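Presented below is the structure to which this report refers.
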Amino acid sequence: MNIFRLAGDMTHLASVLVLLLKIHTIKSCAGVSLKTQELYALVFATRYLDIVTDFISVYNTVMKLIFLGSSFSIVWYIRHHRVVRRSYDKDQDTFRHYLLMIPCMLLALFVHEKFTFKEVMWTFSLYLEAVAILPQLVLLQRTRNIDNLTGQYVFLLGAYRGLYIFNWIYRYFTEPHFVHWITWIAGVVQTLLYADFFYYYFESWKNNVRLQLPA
Amino acid sequence: DEHHVVKDEL
Numbered sequence: 001m002n003i004f005r006l007a008g009d010m011t012h013l014a015s016v017l018v019l020l021l022k023i024h025t026i027k028s029c030a031g032v033s034l035k036t037q038e039l040y041a042l043v044f045a046t047r048y049l050d051i052v053t054d055f056i057s058v059y060n061t062v063m064k065l066i067f068l069g070s071s072f073s074i075v076w077y078i079r080h081h082r083v084v085r086r087s088y089d090k091d092q093d094t095f096r097h098y099l100l101m102i103p104c105m106l107l108a109l110f111v112h113e114k115f116t117f118k119e120v121m122w123t124f125s126l127y128l129e130a131v132a133i134l135p136q137l138v139l140l141q142r143t144r145n146i147d148n149l150t151g152q153y154v155f156l157l158g159a160y161r162g163l164y165i166f167n168w169i170y171r172y173f174t175e176p177h178f179v180h181w182i183t184w185i186a187g188v189v190q191t192l193l194y195a196d197f198f199y200y201y202f203e204s205w206k207n208n209v210r211l212q213l214p215a
Numbered sequence: 001d002e003h004h005v006v007k008d009e010l
């Protein structure tokens with residue numbers, strides 16, 4: 001475990017906590033894409049299949065349980081909580097996210113490390129996570145005023161995989177083992193998808209104005 | 001083996 005990896009996991013944890021905080025305390029999911037939350041729940045469900053078979057460390061298992069639990073509870077809140085679901089903007093959150101799942105599954109069936117169920121599911125989760133933010137970014141472009149918590153959530157979510165890239169570079173130079181190239185590519189694509197958001201987020205922070213993405 | 005791909009990340 002290196003500092004980049006720990007920073008990445010803590011940033012990811014912070015993003016989840018910010019979103020849970022927003023939804024649980026102010027009972028609102030305005031500006032939050034349910035589609036992205038559903039995609040992330042699927043990402044964790046398909047990536048952490050080994051949670052019962054391969055024990056790596058207490059930290060690893062605890063973090064997996066947190067990410068699984070939080071992503072599914074956020075989906076539940078937005079779908080079923082009697083107050084929260086009223087603030088869900090389903091007319092704006094219209095990205096057809098199954099059009100993301102199908103290509104990712106097809107790609108995982110053709111491009112993977114080993115053709116086993118677990119390995120294909122794991123590869124699918126990497127490809128899916130790379131594009132999972134798209135419904136949320138589309139929704140932000142339609143949502144005129146993005147509230148701070150939602151902006152912080154997306155920023156932290158994008159930053160975590162960026163920190164993982166530094167972790168992969170560090171491990172490449174310091175460890176005999178290596179991270180599979182599929183992980184590298186999916187992680188870089190994922191981080192690049194946030195590039196324009198990061199730009200506008202930084203601009204709004206620098207000029208101390210409300211975050212707005214161009215339509 | 002040397003070329004062992006790690007799967008210890010989240």
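Chains as they are written, first to last, in the working numbering: chain A, 1 to 215; chain B, 1 to 10.
The C-beta atom is built at its ideal place from N, Cα and C for all residues, glycine as well.
Owing to the predicted nature of the structure, the values given are computational and were not obtained by experimental measurement.
Compare the C-beta of residue i against all C-beta atoms of chain B and say whether one is closer than 8 Å.
i                      : result
residue 177 of chain A : yes
residue 67 of chain A  : yes
residue 113 of chain A : yes
residue 63 of chain A  : yes
residue 148 of chain A : no
residue 89 of chain A  : no
residue 93 of chain A  : no
residue 145 of chain A : no
residue 5 of chain A   : yes
residue 180 of chain A : yes
residue 2 of chain A   : no
residue 196 of chain A : no
residue 56 of chain A  : yes
residue 60 of chain A  : yes
Could you check the C-alpha separation between residue i and residue j for me, to the nearest Å?
i                      : j                      : result
residue 66 of chain A  : residue 130 of chain A : 20 Å
residue 39 of chain A  : residue 6 of chain B   : 24 Å
residue 11 of chain A  : residue 152 of chain A : 11 Å
residue 15 of chain A  : residue 157 of chain A : 6 Å
residue 53 of chain A  : residue 137 of chain A : 35 Å
residue 166 of chain A : residue 41 of chain A  : 25 Å
residue 87 of chain A  : residue 195 of chain A : 28 Å
residue 209 of chain A : residue 203 of chain A : 8 Å
residue 59 of chain A  : residue 78 of chain A  : 28 Å
residue 183 of chain A : residue 105 of chain A : 15 Å
residue 6 of chain A   : residue 168 of chain A : 12 Å
residue 4 of chain A   : residue 149 of chain A : 24 Å
residue 84 of chain A  : residue 155 of chain A : 22 Å
residue 107 of chain A : residue 100 of chain A : 11 Å
Here's the rule I'm using: 16 or more other beta-carbon atoms within 10 Å means buried, otherwise exposed. How should residue i be labelled?
i                      : result
residue 57 of chain A  : exposed
residue 80 of chain A  : exposed
residue 133 of chain A : buried
residue 117 of chain A : exposed
residue 222 of chain A : Outside the shown range of chain A (1 to 215) lies residue 222 of chain A, about which nothing can therefore be said.
residue 102 of chain A : exposed
residue 91 of chain A  : exposed
residue 62 of chain A  : exposed
residue 164 of chain A : buried
residue 179 of chain A : buried
residue 10 of chain B  : buried
Since residue i and residue j are thought to touch, with beta carbons under 8 Å apart, how far apart are those beta carbons, to the nearest angstrom?
i                      : j                      : result
residue 35 of chain A  : residue 135 of chain A : 4 Å
residue 146 of chain A : residue 31 of chain A  : 6 Å
residue 190 of chain A : residue 161 of chain A : 5 Å
residue 211 of chain A : residue 199 of chain A : Their Cβ separation, rounded to whole angstroms, is 11 Å, which puts residue 211 of chain A and residue 199 of chain A out of contact at 8 Å.
residue 44 of chain A  : residue 68 of chain A  : 5 Å
Is there at least one non-hydrogen atom of the ligand HEM closer than 7 Å to the beta-carbon of residue i?
i                      : result
residue 209 of chain A : Only the bare structure without any ligand can be found here, which leaves the ligand HEM out of the picture.
Under 8 Å, Cβ to Cβ, is there at least one residue of chain A near residue i?
i                    : result
residue 8 of chain B : yes
| said: I'd like to know if the segment 71–78 of chain A and the segment 133–148 of chain A are in contact, where contact means that at least 3 CB-CB pairs between them fall below 8 Å. | reply: No: fewer than three Cβ pairs fall under 8 Å.
| message | Does the contact criterion of 3 or more C-beta pairs under 8 Å hold for the segment 111–128 of chain A versus the segment 42–52 of chain A? | response | The segment 111–128 of chain A is in contact with the segment 42–52 of chain A.
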